[in-house]
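Each residue of the sequence shown is one higher than the one before, counting from 368 in the numbering used here.
Even glycine gets a Cβ: it sits at the ideal position worked out from N, Cα and C.
Treat the numbers as computed from the prediction; the structure is a model and nothing was measured.
Notes to accompany the following structure.
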Amino acid sequence: MTEREFDRQAREQALRLQRFFLAQLIYGITYVVIGVTWVTGAYIGSTGMALSHYVIGIATQAVFFVMFRTGFNLRFKDPSLTSPQIIIALLLQTYLLALVGPIRGTVLAAYCLILLFGVFQLSRIAYLAHAGFALACYGGLIILNQYLEIYPQTLSIALLEWFVLACFMLWLTILGSYIRELRERLQQRHSTLQQHQQSLRSMMDELQNLATTDALTGLPNRRHFLDEAHRRMTLQRDGQTLGLALIDLDHFKRINDLYGHSAGDEVLQGFARIARASLRGEDMVARFGGEEFVLLLSNCDLPTLQHCVERIRLSLARTAFPSLPDDVYCTLSAGLCLIHPEDSLELRISQADEALYRAKAGGRNCSQTHHDAYA
Numbered sequence: 368m369t370e371r372e373f374d375r376q377a378r379e380q381a382l383r384l385q386r387f388f389l390a391q392l393i394y395g396i397t398y399v400v401i402g403v404t405w406v407t408g409a410y411i412g413s414t415g416m417a418l419s420h421y422v423i424g425i426a427t428q429a430v431f432f433v434m435f436r437t438g439f440n441l442r443f444k445d446p447s448l449t450s451p452q453i454i455i456a457l458l459l460q461t462y463l464l465a466l467v468g469p470i471r472g473t474v475l476a477a478y479c480l481i482l483l484f485g486v487f488q489l490s491r492i493a494y495l496a497h498a499g500f501a502l503a504c505y506g507g508l509i510i511l512n513q514y515l516e517i518y519p520q521t522l523s524i525a526l527l528e529w530f531v532l533a534c535f536m537l538w539l540t541i542l543g544s545y546i547r548e549l550r551e552r553l554q555q556r557h558s559t560l561q562q563h564q565q566s567l568r569s570m571m572d573e574l575q576n577l578a579t580t581d582a583l584t585g586l587p588n589r590r591h592f593l594d595e596a597h598r599r600m601t602l603q604r605d606g607q608t609l610g611l612a613l614i615d616l617d618h619f620k621r622i623n624d625l626y627g628h629s630a631g632d633e634v635l636q637g638f639a640r641i642a643r644a645s646l647r648g649e650d651m652v653a654r655f656g657g658e659e660f661v662l663l664l665s666n667c668d669l670p671t672l673q674h675c676v677e678r679i680r681l682s683l684a685r686t687a688f689p690s691l692p693d694d695v696y697c698t699l700s701a702g703l704c705l706i707h708p709e710d711s712l713e714l715r716i717s718q719a720d721e722a723l724y725r726a727k728a729g730g731r732n733c734s735q736t737h738h739d740a741y742a
């Protein structure tokens with residue numbers, strides 16, 4: 368299980384516990400009713416029977432609580448255990464109705480409160496089944512009362528109460544099904560909205576990547592390099608310098624003219640691989656334009672910059688490209704410069720370009736350093 372799935376499961380378990388605690392309010396109200404009926408004499412059972420409501424109720428709810436806390440509920444098809452909780456509550460409610468004869472018609476409404484617990488979880492068929500179970504429980508109580516005469520009540524009044532309860536159960540089933548359908552529609556719309564948002568984020572990321580990445584080499588482009596260089600300059604501390612190198616591939620136009628643009632593309636991609644492999648993780652290489660590239664080395668002094676560029680130069684000069692003849696190798700020229708915290712990036716790029724021009728004028732396949740870099 369991934370961390371994201373684990374977090375989602377933890378949130379769902381917390382929500383199930385909240386529903387469980389909300390259901391305990393109904394039990395709390397029932398316990399109060401039992402106590403009041405016993406004190407006022409409306410409870411027709413013994414003291415032991417009255418206490419049995421508390422014992423059975425607390426015991427059954429303790430079992431559900433342990434199942435939620437230990438995660439045992441996750442083994443069931445419905446981890447909320449909606450149906451078992453409703454069935455237990457309906458049975459306990461029927462047991463209570465058998466012993467509160469004088470106020471049975473009033474307490475009868477608790478059946479509806481119990482079924483409301485499943486309004487977000489039960490399907491229409493399940494709702495009908497639980498409503499039918501409640502009516503069967505009360506119907507069984509009516510039959511039992513007629514034979515045992517637990518409480519004196521005419522059959523016509525009992526059947527009228529059953530009929531009224533059935534009407535309310537039918538209405539509650541329709542309402543519960545309607546609310547569930549609304550919830551499912553909202554969930555479906557929410558899921559669709561999330562999918563659209565994810566697609567939009569992917570498109571935005573792709574657009575951002577296209578705007579900042581050179582399609583041929585996969586390197587950052589000129590725009591991204593300038594933004595990143597400015598950002599790193601703002602983070603420089605006093606005494607720190609950044610290494611800047613402008614690199615131009617020698618006689619690149621001749622390669623395109625003699626061997627085709629596909630060979631030129633292969634050389635550009637090959638240089639990108641070599642440069643990336645020669646840099647530290649925090650260093651940066653970008654395509655500056657055409658056959659021109661730029662290096663930006665973090666927290667770098669001049670010897671380190673010279674050594675890095677030289678390593679790239681030698682590696683490129685030894686690389687054989689399949690699109691080129693065996694005796695044709697590519698070389699580069701580079702202009703080097705250091706960037707201090709207070710410097711202008713545009714000025715330093717211009718100075719590195721001047722050093723690059725001197726490297727080309729000096730025979731190519733070498734690097735030159737702008738004299739300010741020694742300061």
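C-beta contact flag for residue i and residue j at 7 Å
i, j, result
"residue 387", "residue 435", "yes"
"residue 612", "residue 703", "yes"
"residue 667", "residue 610", "yes"
"residue 717", "residue 676", "no"
"residue 411", "residue 472", "no"
"residue 614", "residue 660", "yes"
"residue 401", "residue 417", "yes"
"residue 536", "residue 496", "no"
"residue 699", "residue 583", "no"
"residue 588", "residue 581", "yes"
"residue 669", "residue 650", "no"
"residue 586", "residue 654", "yes"
"residue 652", "residue 642", "yes"
DSSP three-state assignment for residue i, whether helix, strand or coil
i, result
"residue 409", "coil"
"residue 665", "coil"
"residue 520", "coil"
"residue 717", "helix"
"residue 654", "strand"
"residue 488", "coil"
"residue 615", "strand"
"residue 697", "coil"
"residue 438", "coil"
"residue 733", "coil"
"residue 703", "strand"
"residue 373", "helix"
"residue 659", "strand"
"residue 643", "helix"
"residue 634", "helix"
"residue 467", "coil"
"residue 444", "coil"
"residue 742", "Low local confidence applies: a pLDDT of 48 at residue 742 is under 50, so the model's placement there is unreliable, with the coordinate-based value given in what follows. The answer is coil: DSSP assigns residue 742 none of H, G, I, E or B."
"residue 451", "helix"
Beta-carbon contacts of residue i that lie in its chain and below 8 Å, excluding the five residues immediately before and after
i, result
"residue 393", "456, 477, 480, 481, 484"
"residue 600", "609, 706, 708, 710, 712"
"residue 424", "394, 397, 398, 459"
"residue 493", "450, 485"
"residue 673", "703, 734, 736"
"residue 464", "471, 474, 475, 505, 508"
Cβ-based neighbour list, residue i, same chain, cut-off 7 Å, excluding 5 preceding and 5 following
i, result
"residue 629", "690"
"residue 707", "608"
Same chain only: Cβ atoms within 6 Å of residue i, ignoring 5 sequence neighbours per side
i, result
"residue 742", "Note on residue 742: pLDDT 48, under 50, position unreliable in the model; the coordinate value appears next. So the list is empty, once near-sequence residues are dropped."
"residue 549", "none"
"residue 384", "435"
Which listed residue (the options) has its alpha carbon closest to that of residue i
i, options, result
"residue 466", "662, 515, 487", "515"
"residue 720", "695, 684, 662", "662"
"residue 547", "500, 490, 590, 566", "490"
Residue i beta carbon near the ligand PLP (any heavy atom closer than 6 Å)
i, result
"residue 710", "The ligand PLP is not part of this structure, which contains no ligands at all."
Neighbour flag for residue i against chain B, beta carbons, 7 Å
i, result
"residue 528", "Considering every chain present, this structure includes no chain B. It has just one protein chain."
Item to complete: Let me know the alpha helix (DSSP H) ranges lying completely inside the stretch 556-610, each 4 residues or longer, listed in chain order.
Response: With a minimum length of 4 residues, the continuous alpha helix (DSSP H) runs that stay inside the stretch 556-610 are 589-601.
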